[in-house]
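One structure is given below, encoded as structure tokens.
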Amino acid sequence: LVMKPTDTNSPQAQMLVAMYGGGLEYRWAIVNGLCVFAIGGDADSGVRSLIDQVKAGGPKQIGSEMKAALALIPGADKADVMGTFNYVRVLKMLPAMMGAMMPVPMPEVDFPTKSNIAIAANVGNGKLTFDIAIPKQHLAEIMAAFQMMMQHQMKMQSPQGPDLTPFKDMSTWLKCRNIDCGAAYEMNLEEYHMFIQKNADPRSPLPPPLVCKKCGEPSVYRAVKCEKCGSVFERGTV
1 LVMKPTDTNS PQAQMLVAMY GGGLEYRWAI VNGLCVFAIG GDADSGVRSL IDQVKAGGPK
61 QIGSEMKAAL ALIPGADKAD VMGTFNYVRV LKMLPAMMGA MMPVPMPEVD FPTKSNIAIA
121 ANVGNGKLTF DIAIPKQHLA EIMAAFQMMM QHQMKMQSPQ GPDLTPFKDM STWLKCRNID
181 CGAAYEMNLE EYHMFIQKNA DPRSPLPPPL VCKKCGEPSV YRAVKCEKCG SVFERGTV
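Set out below in structure tokens:
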């Protein structure tokens, strides 16, 4: 699934590239009358693992979380579709997604969760009906997760700013966007984030460019180096 903006230079387009890169990769297959679906960074391996699991006869027992969900909705075991959704686990992905957009990295936050939203669906009489149960425990976990996120956000916005010392012994690749230059070189990661923190525009989630050491233009952005071919690509372009 690829989202292609009409104006690739707009801030909105750059935010999409920073978050999703070349797009969202997913795989699905029909095996023995069942549909298996995987999405993420390694969707191909994920769907192949699911295919093998179905061919082997499927799970030998119901997981504890699914058992708890079945107990929430009467008759859920006879529903056409049954599943769970954990909103707190979705929130766990936000720091990684926002970290790709924000000038300064966001720390990972571990939100404790032991409950799920239960969903059961039935098809009949030309209609699709849903039953959804949200346990009180899950609502409490969601509230606790948002409180933790707010605390971390306040810490990020403090006058001292985020703690950058973990990056002092790390480095990052940079690449010049100037097509007549294309310079690529490494920089200390702590120094890079200090520059970003000092020069970031509070009205924009995009990091400010650095001045290129080669051509002198403010057109240098963070990049990654391919371990196989050695080429350096700006983040979000591969």
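Under my numbering, the very last position in the sequence shown is 238; numbers go up by exactly one each time. Every residue gets a Cβ at the ideal spot worked out from N, C-alpha and C, and that includes glycine. These numbers were taken from a predicted model, which means no experiment stands behind them.
| Distance, Cα to Cα, methionine 143 vs aspartate 110? | 14 Å
| Cutoff 6 Å; reference glutamate 227; Cβ partners in own chain excluding five residues on either side | none
| query | Does methionine 150 get closer than 8 Å to chain B when you measure Cβ to Cβ? | reply | Going by chain labels, chain B is absent from the structure shown, which holds only one protein chain.
| Is there contact between the region 85-94 and the region 48-60, where contact requires at least three CB pairs shorter than 8 Å? | no
| task | Kindly list the residues whose CB is nearer than 6 Å to the CB of alanine 69, restricted to its own chain and excluding five residues on each side of it in sequence; keep chain order. | result | Thr84, Asn116 and Ala118
| field | Nearest-angstrom beta carbon gap, valine 220 and valine 211 [assumed within contact, 8 Å] | value | 7 Å
| said: Excluding the 5 residues flanking leucine 46 on each side, which residues of the same chain have their C-beta closer than 6 Å to its C-beta? | reply: Before going on, a small fix: residue 46 reads as glycine here, not leucine. Around glycine 46: Ala38.
| Run of the beta strand (DSSP E) containing serine 115, from where it starts to where it stops | That residue, serine 115, is in no beta strand (DSSP E); it is neither H nor E in DSSP.
| Which class does serine 49 belong to by DSSP, given the choice of helix, strand or coil? | helix
| query | Going by other Cβ atoms of all chains shown within 10 Å of its Cβ, with 16 needed for buried, is cysteine 176 buried or exposed? | reply | buried
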